[in-house]
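Chains as they are written, first to last, in the numbering used here: chain A, 483 to 692; chain B, 483 to 692. First comes the structure, then the notes that go with it.
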DNA sequence: TAGACTCTGTAACAAATGTTACTATACTTT
DNA sequence: AAAGTATAGTAACATTTGTTACAGAGTCTA
């Protein structure tokens with residue numbers, strides 16, 4: 483069995499299930515910045531993240547965008563889950579934030595395992611729960627926080643996800659994620675720099691202390 | 483078997499399951515404006531809505547509030563679902579919007595039925611899916627719409643849920659749901675009245691044409 | 001190296017939303 | 001009926017966020 487699978491899901495799933503996953507799952511490594519899922523698309527397999535991070539974005543009909551949350555290793559996409567179960571189409575866009583390694587599980591199997599393995603059932607429900615919580619967390623941020631606080635939270639989150647205190651993004655990219663304008667982000671970042679919390683450079687932001 | 487159960491879930495669940503629900507479920511009728519679930523609370527049973535409507539509200543530590551969505555007959559609370567499965571505590575507040583009749587299902591049974599009945603499994607997953615979609619819909623509204631559009635959407639939704647073109651609420655109550663101030667709501671409502679879309683009265687709003 | 005292009009900084013202004021304060025009216029209670 | 005309370009209307013103003021415009025600095029390419 484591939485070591486990566488064992489490392490990431492070994493304490494979550496029983497041995498038989500791990501063997502099944504290893505048998506029917508397809509391993510895939512996807513480069514950074516690749517769009518995995520688009521709004522309106524249907525999926526026939528479900529991804530388990532082994533390594534890396536995926537950015538889940540809401541995109542409406544006018545092309546307005548907003549970052550919903552990040553997925554990391556050990557996570558799966560709840561939207562894909564329910565798309566698989568119910569044959570619904572996707573309402574979100576998924577882009578690899580870093581290079582990402584996935585195991586793709588065919589729908590047929592994931593349905594079968596629901597009745598067969600308690601640990602799998604648990605994993606699926608936990609995933610739904612976590613995604614619902616993250617959606618609510620996003621709602622909290624947009625509804626209750628001002629843009630400066632949202633930006634701060636975003637920067638913290640980003641350093642955690644990328645395991646790096648240097649954030650390689652333009653102000654425009656950040657503005658898209660937070661659904662605001664570039665000028666607003668530049669303004670607030672400059673304020674953070676003046677407060678000594680970050681260091682601004684072209685195409686990147688170094689976090690000093692948030 | 484109670485007719486209401488058959489009427490609302492008859493085409494969703496098989497006969498055996500309906501009989502089981504009827505056997506172990508407890509029927510409850512709750513008056514309007516009653517708080518069913520509070521943030522931080524744990525639940526040991528899961529509600530199926532038979533009649534009426536429930537308002538699901540996010541409430542943060544500072545007491546800030548925001549309406550997430552309404553639940554109607556045929557719905558169940560996904561947050562409660564995952565609370566039951568995972569022993570998590572509630573992150574939301576649930577208040578009856580109208581008088582509501584529920585069937586309460588003990589956790590033990592709902593877990594057992596997951597493996598036993600395909601239709602139940604389906605129902606649970608569909609519920610999660612729908613709640614996730616509604617959370618995303620809420621995110622859309624807060625992120626992409628201005629307050630006047632959000633108010634309009636709110637009024638439309640409210641007439642649908644209550645089956646009544648007269649909305650019995652004060653401006654303050656609406657302001658809480660949309661997490662803004664009373665003055666803002668009064669201002670926008672007055673604008674809608676001037677446009678001939680609504681008629682304002684003390685403690686109530688009559689919808690003319692939205 | 002000249003020109004094109006991208007990214008950032010900044011000012012000036014516009015629009016949306018939030019706050020405070022005060023008034024009038026309707027309703028409730030004593 | 002008088003007093004108190006809740007609700008709504010409105011003005012004036014503050015704050016936050018969004019928009020437009022332009023300049024300068026870095027990067028890329030012919």
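Beta carbons: idealized from backbone N, C-alpha and C, even for Gly.
If you draw a straight line from the C-alpha of residue i to the C-alpha of residue j, how long is it?
i                      : j                      : result
residue 531 of chain A : residue 491 of chain A : 10 Å
residue 601 of chain A : residue 644 of chain B : 41 Å
residue 580 of chain B : residue 538 of chain B : 13 Å
residue 555 of chain B : residue 487 of chain B : 10 Å
residue 610 of chain B : residue 684 of chain A : 43 Å
residue 508 of chain A : residue 589 of chain A : 13 Å
residue 517 of chain B : residue 688 of chain B : 26 Å
residue 654 of chain A : residue 521 of chain A : 22 Å
residue 634 of chain A : residue 504 of chain B : 51 Å
residue 690 of chain B : residue 603 of chain B : 42 Å
residue 632 of chain A : residue 599 of chain B : 44 Å
residue 496 of chain B : residue 659 of chain A : 45 Å
residue 657 of chain A : residue 489 of chain B : 49 Å
residue 593 of chain A : residue 593 of chain B : 16 Å
residue 484 of chain A : residue 646 of chain B : 60 Å
residue 630 of chain B : residue 666 of chain A : 23 Å
residue 636 of chain A : residue 682 of chain A : 16 Å
residue 559 of chain A : residue 676 of chain B : 46 Å
residue 540 of chain A : residue 506 of chain A : 31 Å
residue 686 of chain B : residue 619 of chain B : 26 Å
residue 607 of chain B : residue 607 of chain A : 9 Å
residue 628 of chain B : residue 576 of chain B : 26 Å
residue 529 of chain B : residue 525 of chain A : 31 Å
residue 652 of chain A : residue 652 of chain B : 45 Å
Would you check if the distance between the CB atom of residue i and the CB atom of residue j is smaller than 8 Å?
i                      : j                      : result
residue 614 of chain B : residue 613 of chain A : yes
residue 578 of chain A : residue 515 of chain A : yes
residue 534 of chain A : residue 597 of chain A : no
residue 661 of chain B : residue 557 of chain B : no
residue 523 of chain A : residue 571 of chain A : yes
residue 640 of chain B : residue 649 of chain B : yes
residue 550 of chain A : residue 574 of chain A : yes
residue 595 of chain A : residue 499 of chain A : yes
residue 584 of chain A : residue 510 of chain A : yes
Roughly how far, in whole angstroms, is the beta-carbon of residue i from the beta-carbon of residue j, given that I think they are within contact range, below 8 Å?
i                      : j                      : result
residue 494 of chain A : residue 626 of chain A : In fact, because the Cβ distance is near 33 Å, the residues do not count as touching under 8 Å.
residue 586 of chain A : residue 668 of chain A : That belief does not hold up - the Cβ atoms of residue 586 of chain A and residue 668 of chain A are roughly 40 Å apart, past 8 Å.
residue 624 of chain B : residue 621 of chain A : 7 Å
residue 617 of chain A : residue 617 of chain B : 4 Å
residue 692 of chain A : residue 642 of chain A : About 11 Å; that fails the 8 Å criterion.
residue 743 of chain B : residue 548 of chain B : Nothing about residue 743 of chain B can be read from this structure; chain B reaches only from 483 to 692.
At which residue ranges does the segment 568-596 of chain B contain complete beta strand (DSSP E) runs of 3 or more residues, listed in the order of the chain? 574-578, 582-588
Do the segment 671-687 of chain A and the segment 567-578 of chain B meet, that is, are 3 or more Cβ pairs less than 8 Å apart? Using a Cβ-Cβ distance cut-off of 8 Å, the segment 671-687 of chain A and the segment 567-578 of chain B are not in contact, since fewer than three pairs of beta carbons, one from each stretch, lie closer than that value.
Could you name each continuous beta strand (DSSP E) segment of 3 residues or more that falls completely within the segment 483-528 of chain A, going from the start of the chain to the end? 508-512, 517-519
Taking the runs of the beta strand (DSSP E) that are 3 residues or longer, which of them lie wholly in the segment 542-568 of chain B? 547-553
Which runs of the beta strand (DSSP E), 3 residues or longer, sit entirely within the segment 638-685 of chain B? 680-683
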